[in-house]
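*Asks:* Residue numbers (the UniProt record's numbering): 1 to 299.
Here it is, the structure, as structure tokens.
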């Protein structure tokens with residue numbers, strides 16, 4: 001098994017339903033549908049500090065330095081693909097395997113981490129994420145609580161039987177960053193976050209815990225300002241609170257009502273009860289109507 005000082009967490013994802021879509025729609029229209037799914041998969045890799053090692057047809061392999069990031073990425077992929085509308089009645093689904101261990105890079109990635117992650121993806125059911133006990137050991141307490149042992153089911157690797165865990169449908173709970181306002185925000189409760197952009201309302205709740213903002217089409221909120229990054233920031237529901245996570249080049253500006261504005265640069269913070277967000281620009285400089293407003297409401 002892997003050495004903790006040389007850990008490579010590998011995610012192996014298989015997209016199901018692509019052949020049925022191609023048979024029903026023809027190659028061009030099917031390719032557009034599959035590209036939408038793959039774009040969401042790759043955003044989940046990029047947004048969680050991952051590195052794509054292989055992106056081919058219905059298969060994606062990615063590497064992460066932290067086990068928590070690999071699990072967060074898998075959870076986001078499953079959520080985003082699950083939310084895609086059916087294509088001519090066909091649902092696209094993901095099977096994901098996760099393991100940390102030896103990784104060899106070449107024309108195609110190889111090694112223990114890739115082999116075991118691949119076998120787990122093959123053994124998973126549609127919509128399921130399986131991970132090894134080795135990877136589970138590297139998870140922080142909040143994330144490890146979401147991984148449930150699969151009783152009576154292991155995977156033989158050489159002479160070793162590898163214990164399996166399943167990632168549940170709960171939400172990833174990780175410690176807030178030490179950035180400004182990380183201890184702020186409304187008290188944990190069953191609430192919802194209402195964001196408004198160009199007159200359209202977007203909702204984040206426990207059942208819909210992730211929202212993406214950025215300049216590229218395919219984000220939940222598309223910000224048409226050159227200062228915004230393609231994948232600028234994301235909103236997350238965690239443990240009853242809402243967090244904004246900056247992933248941009250120019251920073252994310254958060255202006256709570258009646259309080260001073262702050263700028264996040266590769267940081268996160270808990271959102272207060274209401275305020276404004278600028279993607280790459282100050283909330284006081286918006287001249288194109290691209291400002292996002294938000295309000296936390298009791299459910």
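Each residue gets a CB set at the ideal place from its N, CA and C atoms; glycine is no exception.
Look up residue 234 in the DSSP assignment and give the residues it is bridged to.
*Replies:* To locate residue 234, count along the chain shown from 1; it is residue 234. Beta-bridge pairing links residue 234 to 212, 245.
*Asks:* Does the separation of the CB atoms of residue 16 and residue 92 fall below 8 angstroms?
*Replies:* On the chain shown, residue 16 is found 16 positions in, with the first residue counted as 1. On the chain shown, residue 92 is found 92 positions in, with the first residue counted as 1. In this structure, residue 92 lies closer than 8 angstroms to residue 16 by Cβ.
*Asks:* Between 136, 98, 63, 146, which lies nearest to residue 238 when the distance is taken from Cα to Cα?
*Replies:* Here residue 238 refers to the residue found at position 238 when the chain shown is read from its first residue. The candidate whose alpha carbon is nearest that of residue 238 is 146.
*Asks:* Keeping to the same chain, check which residues put their C-beta closer than 6 angstroms to that of residue 218; ignore five residues upstream and five downstream.
*Replies:* Taking the chain shown and counting its residues from 1, the one referred to as residue 218 is at position 218. Same-chain partners within the cutoff: 39.
*Asks:* With DSSP collapsed to three states, give me the class of residue 303.
*Replies:* It is not possible to answer for residue 303, since the shown part of the chain is limited to 1 through 299.
*Asks:* Contact between the segment 41-52 and the segment 129-144 is defined here as three or more beta-carbon pairs at a separation below 8 angstroms; is this criterion met?
*Replies:* Taking 8 angstroms as the limit for Cβ pairs, the verdict is that the segment 129-144 does not touch the segment 41-52.
*Asks:* Grouping DSSP H, G and I as helix and E and B as strand, with all else coil, what is residue 254?
*Replies:* Within the chain shown, residue 254 is the residue found at index 254, counting from 1. Here residue 254 sits in strand by DSSP.
*Asks:* Ignoring anything shorter than 3 residues or poking outside the segment 85-152, list the beta strand (DSSP E) runs there in chain order.
*Replies:* Qualifying beta strand (DSSP E) stretches, in chain order: 93-100, 129-132.
*Asks:* Measuring only the C-alpha atoms, how far is residue 221 from residue 197?
*Replies:* Within the chain shown, the letter at position 221 stands for residue 221. Within the chain shown, the letter at position 197 stands for residue 197. C-alpha separation (whole angstroms): 7 angstroms.
*Asks:* DSSP has residue 279 in a bridge; who is on the other side?
*Replies:* Residue 279 sits at position 279 when you count from the first residue of the chain shown. Looking at the DSSP assignment, residue 279 forms a beta bridge with 252.
*Asks:* Assuming residue 202 contacts residue 214 under a Cβ cut-off of 8 angstroms, what Cβ separation, rounded to an integer in Å, is found between them?
*Replies:* Sequence index remark: in the chain shown, residue 202 carries index 202 (1-based). Sequence index remark: in the chain shown, residue 214 carries index 214 (1-based). The pair is not a contact, with the Cβ atoms about 13 angstroms apart (cut-off 8 angstroms).
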